[in-house]
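Please read the structure below before turning to the comments.
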Ligand code: ADP
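In the working numbering, the protein residues as written are 42 to 392.
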């Protein structure tokens, strides 16, 4: 250890690290800040040392109270590492966003000795992300115009059925279905870009959950599977966003149908506990392979067995569903056994 110290000079190494590093006492009073911390924030060492971290005295205090409360709970009470994205303000008044982590350093009795905080500036990455999202949104809206024209022309042609032979009708139907798929994809991209950019504020409408689910099930026009509904709810009137709730059930039910062989069973189970509604969409289908489970909510990801029997898809549905659930403050997860079935669960607030 002594030799390593000699060779590296730990303090020197930390001082010169390109990552913003800070050490505070258990009360959050800053004892040490490295050069990168000075450079990133614009405050010098003299201004930093002795002040309280995360306050408006320095670059902090720009997040809402709940954020700091959550952070202190994690590091001081639970004595665990906190990770998060934080908005800060430099000395020159400019805002920056940082991927931050704060770790408690414990003595041998488990008491907090110090906190070590790191910051990594991600302002540029977030800006690029924002531009990408905006571009997708713009491109999607532009794509809708020519597609609408195609749709109108196909409908006109199909009206004149008498003049078409069997083969021509078949091709037209394929074009019609494909353009409907494209419409759906574009709508999904528009919704995703809205949710990703945080532009969507989910509305709070009075909704009757039973009616909403019945409407969704009806639009699916499903004939090959049995769909069961089980409600353990005192009150099926809830507060939520009608459009996005429909989108949630539609996506999960479409998947359950798509990935379950004919004559399979699909069950919708709704329960309530302490103001939270738990929905389960259960199927008896092909299941999700173990190796694909951790990637299932990723954008454009499709499991390795997803194209068995030519089941088409774009891998956006579950990503969209997760964005909606999380925007509504809920959680989503699943259980699945290969060739036995899958259950997707999600929670939403009822009021
Ligand atoms: P896709 O358009 O491919 O259906 P999703 O984002 O809706 O895209 O789903 C991602 C992947 O998750 C699917 O391709 C499929 O592999 C898997 N998946 C989703 N739901 C189910 C399910 N109920 N049963 C089995 N696999 C599923």
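Beta carbons: idealized from backbone N, C-alpha and C, even for Gly.
Values in this document were obtained by computation on a predicted structure and should not be read as measured data.
Look at residue 342: its beta carbon is less than 7 Å from one of the heavy atoms in the ligand ADP. Distance from the CA atom of residue 264 to the CA atom of residue 385, rounded to whole angstroms, is 22 Å. For the pair residue 286 and residue 335, the Cα-to-Cα distance works out to about 24 Å. Within the same chain, 75 and 77 come within 7 Å of residue 58 by CB-CB distance, once the 5 residues on both sides are set aside. Under a 10 Å Cβ-count criterion, residue 318 is classified as buried, with 16 or more other Cβ atoms of the shown protein chains found around its own Cβ.
Within the same chain, and ignoring the five residues on either side of residue 227 in sequence, the residues whose Cβ sits closer than 8 Å to its Cβ are 181, 184, 185 and 188. Residue 201 is classed as exposed because its beta carbon has fewer than 16 other beta carbons within 10 Å across all chains shown. The beta carbon of residue 363 sits closer than 8 Å to the beta carbons of 338 and 373 from its chain, once the five residues preceding and following it are set aside; these are given in chain order.
Partner residues in the beta bridge of residue 313, as assigned by DSSP, are 318. Taking a contact as a CB-CB distance under 8 Å, the pair residue 382 and residue 299 does not count as one, their CB atoms being some 13 Å apart. By the Cβ test, the segment 155-173 is not in contact with the segment 202-221, since fewer than three Cβ pairs between them sit closer than 8 Å. Of the candidates 389, 179, 63 and 232, the residue whose Cα lies closest to the Cα of residue 159 is 63.
The beta-carbon distance between residue 355 and residue 330, rounded to whole angstroms, is 19 Å. This is too long to meet the 8 Å contact definition. The C-beta distance from residue 326 to residue 301 rounds to 3 Å, short enough to fall under 8 Å. Scanning the segment 143-174 from its first residue to its last, the whole beta strand (DSSP E) runs of 3-plus residues come out as 153-162. Between the alpha carbons of residue 114 and residue 138 lies a distance of about 22 Å.
Looking only at 237, 118 and 282, the smallest Cα-Cα distance to residue 156 is reached by 118. In this structure, the CA atom of residue 359 is about 8 Å from the CA atom of residue 340.
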